[in-house]
Amino acid sequence: MAEIVQVINGDGQFEDGAVQQFVEQNGIAYAKTNYQVVAIMGPQSSGKSTLLNYVFGTSFTMMDAMVGRGQTTKGIWMSKSPKVEETSVLVMDLEGSDGRERGEDDTNFERQSALFALAVADVLLVNIWCHDIGREHGSGKPLLKTIFQVNLKLFAPEPDRKRTVLLFVIRDKTKTPLPKLVEVLEADLDRMWDSITKPAAYAGSKLTDFFEVQYAALSHFEERQEDFQADAVHLRRRFSPDSDETLIRGYEKLPGDSFALSINNIWQVIRSQKDLNLPAHKVMVANIRCQEILEDQLRAFAADQAWVGLQQACGEGAVEGFGAQAASLMDSCVKGYESEAVYFDAHVREAKYEELERRLLAALQPVYQAQVAAQQAAVLLSFDKDLKLATLPAEAGGSGTGDFVAAAAACRATAVKSFATAFAKHLRIDGTPWDGAEEMAALEAELDSRVATLRSERIASARSKEERGMASRLSGPVLGLLEVCAPGMWPRLHAACRDAAALADKNLKQALQGLGLSGEEAGALSQQLRDKATACMEGHVREAALTRLSRMKDRFQEVFSMDDKKAPRMWGTRDDIPSIAANARLAAASVLSQLAVMRPADAPASSQGDPVEAAVMQLARSAPATPASADGAANGGEASSSSTSDAASASASSATASASASAVDVLSAATWPGADESQVLLHPHDVRTTWREFMSYSNVLVQQALSAQQANRLANNRMPPLWALAGLLVLGWNEAMFFLFNPLWLMFGAVIILFLRSLYVELDVEREMASGALPGALKLSHKFVPAVKNVLRKTGESVQEMAASMKETAEAKAAEGRAAGGVELTRRSTSGSQHAESKKHQ
Ligand SMILES: Nc1nc2c(ncn2[C@@H]2O[C@H](COP(=O)(O)OP(=O)(O)O)[C@@H](O)[C@H]2O)c(=O)[nH]1
Ligand SMILES: [Mg+2]
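Reminder that position 585 of the sequence shown reads as 1509 in this note's numbering, one-by-one numbering, no gaps.
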């Protein structure tokens, strides 16, 4: 027995759950559009249920003639015909009510039922009694009028879209032939059509514009039972698609899975007394259903094992053929949607298709992006390697020819090509708008940035190498200049910087030849080198400023203790210590003046324009006299200030005259006028302090020098001065010569000397004097006369010998001359050793 479901119950409620279940269980949900809905209309007890049961094999409740009316339950019932096999025929039986029994409300329900049937059914059966045909007030006429009127409203916007098949079933047919009956009935229908009020747009329209009217006649149910059944079977055949008289039309319709939704919605609209617009309804159903299909497809896509697996694989890195796999997954999802959505309104379908595509792309996008990133990373990895190799010269382990720009361009082109290939092979997802242009642009930007980074690294490393070389080259000259800190040091420092920077710049440009430096870059590099050289130099200067005091001391000592030939000064009597000290102090002051403020490269070269230098030098010149200066003056003007010719001091003193007028008073100033604070190493206060410390140191040295000189002077005074000896020699020359060159006087002299010598020996003076001067003298006086006699005697004996020894006497004279020179030498050496001793004492 065929299942029957109540679609609309007696209270006018749609039985959604039951209908859904019925649709599922009877395969309608999967029948696509291969189903027909047949509904029947007619007055109460007009044999509707009987007709349906006989034609379609359904089991609707029929009134038992013996029991009477009132057995059936009001509402709309539905069943599937078990007899028609070619297509699913859903049969709807409308149980109206007898107006007489149920009151006014029922006409409303009947109207709504009719409307519902008309909207839902493909074929609408209208029961009509044969004897009512041609009669003005037949029992079915009011209902028919209602149907016509309602139909106008339902299909008003598109009258030719669907023409409901209206099948008039003539019951209890008489002997009158069908065509004759049809003729009369058609006339009846036309009259009825004309009598209804129509919208202006359809004023001239005909019934057949809206309905396809068909006719069937059945024999008398009670009197000709067998014929009735045969007629019923005949009528059933007309519901097969391949019958000659088939009633099935190929109108567009909603697929079976939307059936329940659709008829529910139609009923809700009818119940709420709103105008039912079928095309709009179709759009509405399409919207709902396409959305459902779309969601189903997306769910299926997300749950698809192939997709889950692909996602997993993608999480682990680049997947070969990702694009093709993703495209096929997407394609199957889209196809799934299209196959189900094909029955729905085209506009809605398209719109939902776009949504599906959008959401599929959204689902694919992160995975796709990750794949793009993975491929880009692979390309970039080999690009980095290639670039490094290609841009390094062969001696550094690379394969480059030194032309960085060309090598980088070649590597870039290779990378771009390999990404393009990888994109086409592994990333391109057909059916998506992702053509890789954006990804390529991003990759290119990244490549460019990497090239730029490597290039600037190369430049930076070459630059820092060159800077190191430059710094070490620069240090020598700078330190040399700082050792002396002579006036005018700064221009020379800056010149040294310029030279070092220029050389480094030349070397650097040579090293960076292949890097395609722009003029701007080259200029910036040159400037950087110049700055670096200046910074390096200034670093040395700063360091020197920290050790200014010891530098000043060194400088002072160098000038003070060493003479022009760099030999240590002996502090002889000729050394003008105050003048030497003043010069040495000027040299030390120059150290202070040069280190006080860093002069810019463009400062005036002459010291006239250097207020700091002028001020500090002024300090040195106005330094209080050393405590020893009084002593210096007491030297009787022996010391003269012209003994030194230090160029530095000379230039400094020449500068003084002009600078002193505008010089800063370093004793009171707090800042250097016109000097940039960042360039100041020593404030006037520092200069003052340092100078004070220096002065107390230098004073000690000067004092010691003065003491040494004094000691030397005293040591030289024990001897007659050399000039006196020389004078003596000059004045007594003639007398000595006369004596020596006269043979008589010479002989006489020799006899006297011999005599005295013999007497000396005879008296044995040394022995006698050993016991004291007075007893010695007494003894000698006793011995004197005998001794003279003895000598005279001996002389006589030796007179002969004397003549022979005349020659010896001449030699002795020469020996005497030599002895005199020896004495002079001895004297000198004595004075030297004394001087050395006095220095050691200091
Ligand atoms: N004369 C005649 N009576 C019929 C015919 N079909 C049904 N009937 C009777 O009419 C009564 C009502 O039938 P039913 O099918 O229940 O009518 P429904 O209320 O329209 O569904 C029953 O007693 C049937 O026996 C018919 O074709 N001719
Ligand atoms: Mg019935």
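Note that beta-carbon positions come from the ideal geometry of N, C-alpha and C, so glycine has one too.
Around the beta carbon of residue 1650, a 10 Å sphere encloses fewer than 16 other beta carbons of the protein chains shown; the residue is thus reported as exposed. Residue 1159 is positioned such that its CB atom lies no closer than 8 Å to that of residue 1138. Apart from the 5 residues on each side of it in sequence, residue 1240 has no Cβ closer than 8 Å to any other Cβ in its chain. Every alpha helix (DSSP H) stretch that sits fully inside the stretch 1682-1714 and reaches 4 residues is listed by chain position as 1689-1694.
Non-local C-beta neighbours of residue 1682 in its own chain, meaning closer than 8 Å and more than five positions away in sequence, comprise 1715, 1718 and 1719, ordered along the chain.
Under the three-state reduction of DSSP output, residue 1073 falls in the helix class. Under the Cβ criterion (8 Å, minimum of three pairs), the stretch 1415-1432 does not count as touching the stretch 1298-1318. Here the distance from the Cβ of residue 1040 to the nearest heavy atom of ligand 2 is not below 7 Å.
Sequence-distant Cβ neighbours of residue 1446 in its own chain, meaning closer than 6 Å and more than five residues away, do not exist here. C-alpha of residue 1234 to C-alpha of residue 1249: approximately 8 Å in a straight line. A residue is called buried when at least 16 other Cβ atoms come within 10 angstroms of its Cβ; residue 965 meets this threshold and is buried. For the pair residue 1611 and residue 1515, the CB atoms are not nearer than the 8 Å cut-off. For residue 1523, there is no enclosing beta strand (DSSP E), as DSSP marks it with neither H nor E. Fewer than three pairs of CB atoms, one per stretch, sit closer than 8 Å, so the stretch 1443-1461 makes no contact with the stretch 1471-1482.
In the displayed model, residue 1002 falls within a strand according to three-state DSSP. Cβ-Cβ distances below 8 Å link residue 1403 to 1464 in the same chain, with the five nearest sequence neighbours on each side left out; the list follows chain order. Counted as a single uninterrupted DSSP element, the alpha helix (DSSP H) harbouring residue 1213 occupies residues 1202-1227.
Nearest Cα to residue 1340 within the set 1331, 1300 and 1313: 1300. Shown here for residue 1343: same chain residues with a beta carbon closer than 6 Å to its own, the five before and five after excluded, namely 1303 and 1367 in chain order.
Three or more beta-carbon pairs separated by less than 8 Å are not found between the stretch 1322-1330 and the stretch 1261-1276, which leaves the two stretches without contact. In this structure, the beta-carbon distance from residue 1039 to residue 1200 falls below 8 Å.
Of the other Cβ atoms in all chains shown, fewer than 16 fall within 10 Å of the Cβ of residue 1658; this residue is therefore exposed. According to the DSSP assignment, residue 1172 belongs to no alpha helix (DSSP H), since it is labelled neither H nor E. At least one heavy atom of ligand 2 falls within 7 Å of the beta-carbon of residue 1017.
In the DSSP assignment, residue 978 falls within the unbroken alpha helix (DSSP H) covering 972-980.
Taking the Cα positions, residue 1724 is about 29 Å away from residue 1690. Residue burial annotation: residue 1375 is buried, with at least 16 other C-beta atoms found within 10 angstroms of its C-beta.
The beta carbons of residue 1213 and residue 1182 sit closer together than 8 Å.
The stretch 1116-1195 contains, as complete alpha helix (DSSP H) runs of 4+ residues, the segments 1131-1134, 1149-1161 and 1183-1195 (chain order). The C-beta of residue 1254 has 16 or more other C-beta atoms within 10 Å across all chains shown, which makes the residue buried. Take residue 1621, set aside five residues on each side of it, and the residues of its chain with a beta-carbon closer than 7 Å to its own are 1477, in chain order.
By the beta-carbon neighbour count (other beta carbons within 10 angstroms, threshold 16), residue 1489 is exposed.
Its chain contains 978 and 979 as the residues whose beta carbon lies nearer than 6 Å to that of residue 1156, once the 5 sequence neighbours on both sides are disregarded; these appear in chain order. Annotation for residue 1046: no beta strand (DSSP E) segment contains it, and DSSP assigns it neither H nor E. For the pair residue 1593 and residue 1538, the Cα-to-Cα distance works out to about 13 Å. DSSP, read as helix, strand or coil, puts residue 1267 in coil.
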